[in-house]
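Colleague: The sequence shown begins at 1 in UniProt numbering and counts up one residue at a time.
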Amino acid sequence: MIFDILFEGTTINECLEARTYLPREVIIIDKCGTYGSTHNIKKLKNCHHIKNLKIKKLEVDNFLVETVTPLLRPDAKILSEIKIPISYIYLDEIIVINDIKYKIPYSKYDIATSNYLSLEEKFSLNKAITQNSHQCNEIIDIVGLENIQKYFNTKPYVYPRYGMKEISEQLSRLNAFTNISYCLSDIQIEEDDNKKYFTYNNEKVYFKKYVERKEKEKYYFKVLVSKKQLLPRNSIVKYLRKDVTALSVDEVSKAVPVGYKIFTFWSNKKFMIQDIENISQNDIYSEIEYEGYNEIYK
1 MIFDILFEGT
11 TINECLEART
21 YLPREVIIID
31 KCGTYGSTHN
41 IKKLKNCHHI
51 KNLKIKKLEV
61 DNFLVETVTP
71 LLRPDAKILS
81 EIKIPISYIY
91 LDEIIVINDI
101 KYKIPYSKYD
111 IATSNYLSLE
121 EKFSLNKAIT
131 QNSHQCNEII
141 DIVGLENIQK
151 YFNTKPYVYP
161 RYGMKEISEQ
171 LSRLNAFTNI
181 SYCLSDIQIE
191 EDDNKKYFTY
201 NNEKVYFKKY
211 VERKEKEKYY
221 FKVLVSKKQL
231 LPRNSIVKYL
241 RKDVTALSVD
251 EVSKAVPVGY
261 KIFTFWSNKK
271 FMIQDIENIS
281 QNDIYSEIEY
291 EGYNEIYK
């Protein structure tokens with residue numbers, strides 16, 4: 001068996017990039033042994049693209065974590081390509097300034113119940129959304145009125161119920177229909193008479209060109225598992241002056257054990273949890289950190 005291209009990686013963007021090598025014969029490998037960027041703690045240890053994994057506490061281990069930044073808009077073009085319905089969790093947007101959390105309003109109810117907008121600002125924001133006038137609160141200006149208008153009456157971010165890997169799985173199914181093959185195994189590349197190959201199921205698989213996983217922008221991740229609602233429920237939290245973003249999801253996500261919540265923090269700079277949130281270690285059941293990377297979804 002001979003392939004033209006051996007392509008490494010099954011994240012969302014990698015699944016899309018692999019298509020650019022068609023109509024040549026392509027086989028995709030993922031040494032983590034699963035599709036996508038969402039892994040359990042056992043698989044995480046085997047992911048070669050994850051660096052400096054540190055398990056600080058592990059009283060609970062049946063949860064999934066993201067190894068790339070999971071910021072996904074509901075109107076991302078990639079989602080329209082997936083024909084099989086995926087169940088999403090719709091996420092609020094929270095920004096944090098001087099340790100104060102502000103929920104960005106994406107509905108008339110959110111505007112009416114906002115605890116930081118004055119009556120005049122609530123009226124002004126409603127008017128701005130319907131009539132494109134602009135005289136709003138400074139918090140709204142930070143987020144951008146155009147984003148609130150764009151996602152009004154919906155939510156600004158979504159997260160697949162089974163994690164970002166669910167999108168990779170669907171894209172991989174679509175890729176298979178285009179005659180792209182897959183091998184999810186920690187294979188070893190060898191050489192025989194100047195021909196490179198790997199062995200899978202006792203069969204030698206030869207290839208002409210190896211497209212290795214590209215180096216991407218490094219991000220630092222910290223994951224906390226707790227029974228306590230440490231951050232606003234099912235939301236993206238942006239610590240603007242700390243350059244840190246967090247994903248907060250509860251057991252409505254299948255990545256989370258029943259009765260628990262997962263909080264994933266990431267930044268392109270090193271950071272300490274205690275510098276952004278006052279969280280007691282007594283409230284933490286599991287805590288891990290590692291270096292992943294950034295992906296932008298269009």
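Beta carbons: idealized from backbone N, C-alpha and C, even for Gly.
If you're wondering where the values come from, they're calculated on a predicted model, not measured in any experiment.
1) Excluding the 5 residues preceding and the 5 following K222 in the sequence, name in chain order all residues of the same chain whose CB lies nearer than 7 Å to its CB.
2) Quick one: is P156 buried, meaning 16 or more other Cβ sit within 10 Å of its Cβ, or exposed?
3) Closer than 8 Å is the cut-off here; do at least three beta carbon pairs connect the stretch 231–242 with the stretch 35–42?
4) Could you give the first and the last residue of the continuous beta strand (DSSP E) run that contains C183?
5) Would you call the CB atoms of Y200 and Y206 closer than 8 Å?
6) Among the residues of its own chain, which have a CB less than 7 Å from the CB of K77, if the five just before and after it don't count?
7) Counting C-beta neighbours from all protein chains within 10 Å, is the total for L58 16 or more, i.e. buried, or is it exposed?
8) Going by beta carbon distance, what residues of the same chain come within less than 7 Å of Q229, once the five residues before and after it are set aside?
9) Any chance you could list the beta strand (DSSP E) runs of at least 3 consecutive residues sitting entirely within the stretch 83–144, in chain order?
10) How is L247 classed by DSSP in three states: helix, strand or coil?
11) Start and end of the beta strand (DSSP E) containing E25?
12) S235 by DSSP, collapsed to three states: which one?
13) Taking 8 Å as the cut-off, decide whether the C-beta atoms of D4 and E17 are in contact.
14) What did DSSP end up calling I284 once you bin it into helix, strand or coil?
15) Taking S168 as part of the alpha helix (DSSP H), name the residues at either end of that continuous run.
16) Excluding the 5 residues preceding and the 5 following V258 in the sequence, name in chain order all residues of the same chain whose CB lies nearer than 8 Å to its CB.
17) Quick one, are the C-beta atoms of V237 and V96 less than 8 Å apart?
18) Quick check: what's the CA-CA separation for residue 342 versus I12?
19) Taking D99 and P232 to be in contact with their CB atoms under 8 Å, please state how far apart those CB atoms are, rounded to whole angstroms.
20) Which two residues bound the contiguous beta strand (DSSP E) that contains K45?
21) What is the DSSP secondary structure of L58, counted as helix, strand or coil?
22) Per the DSSP calculation, F221 is bridged to which residue(s)?
23) Using a 10 Å radius around the Cβ and a threshold of 16 neighbouring Cβ atoms, would you call Y285 buried or exposed?
24) Could you check the C-alpha separation between S267 and T245 for me, to the nearest Å?
25) So, is L247 buried or exposed, given that buried needs 16 or more other C-beta atoms within 10 angstroms?
Modeller: Quick answer:
1) Exclusion of the five residues before and after K222 leaves F265, I273, E289 as the residues of its chain whose Cβ lies within less than 7 Å of its Cβ.
2) It counts as buried.
3) Judged by Cβ distances under 8 Å, the stretch 231–242 makes no contact with the stretch 35–42, as fewer than three pairs qualify.
4) Boundaries of the beta strand (DSSP E) around C183: 181–183.
5) In this structure, Y206 does not lie closer than 8 Å to Y200 by Cβ.
6) If we look at K77 and ignore the five residues flanking it on each side, its Cβ neighbours are K298.
7) Per the 10 Å Cβ criterion, exposed.
8) For Q229, the CB contacts under 7 Å within the same chain, skipping 5 residues up- and downstream, are K261 in chain order.
9) Those beta strand (DSSP E) runs which fall completely within the stretch 83–144 and span 3+ residues are 88–97, 100–103.
10) Strand at L247.
11) Neither: E25 is in no beta strand (DSSP E) and is coded neither H nor E.
12) Here DSSP, grouped into helix, strand and coil, assigns S235 to strand.
13) Between D4 and E17, the C-beta spacing is not below 8 Å.
14) Here DSSP, grouped into helix, strand and coil, assigns I284 to coil.
15) Under the DSSP assignment, S168 falls in the alpha helix (DSSP H) whose first and last residues are 165–177.
16) Cβ within range, chain order: E251.
17) A Cβ-Cβ contact shorter than 8 Å links V237 with V96.
18) Since the displayed the chain opens at 1 and closes at 298, residue 342 lies outside it and no answer follows.
19) That pair is no contact at about 14 Å.
20) Unbroken run through K45: none, as it is neither H nor E.
21) L58: strand per DSSP, three-state reduction.
22) According to DSSP, F221 bridges with W266, Y290.
23) Buried, by the Cβ-count rule.
24) If I take the Cα positions, the gap works out to 7 Å.
25) Counting other Cβ atoms within 10 Å of its Cβ, L247 reaches 16 or more and is therefore classed as buried.
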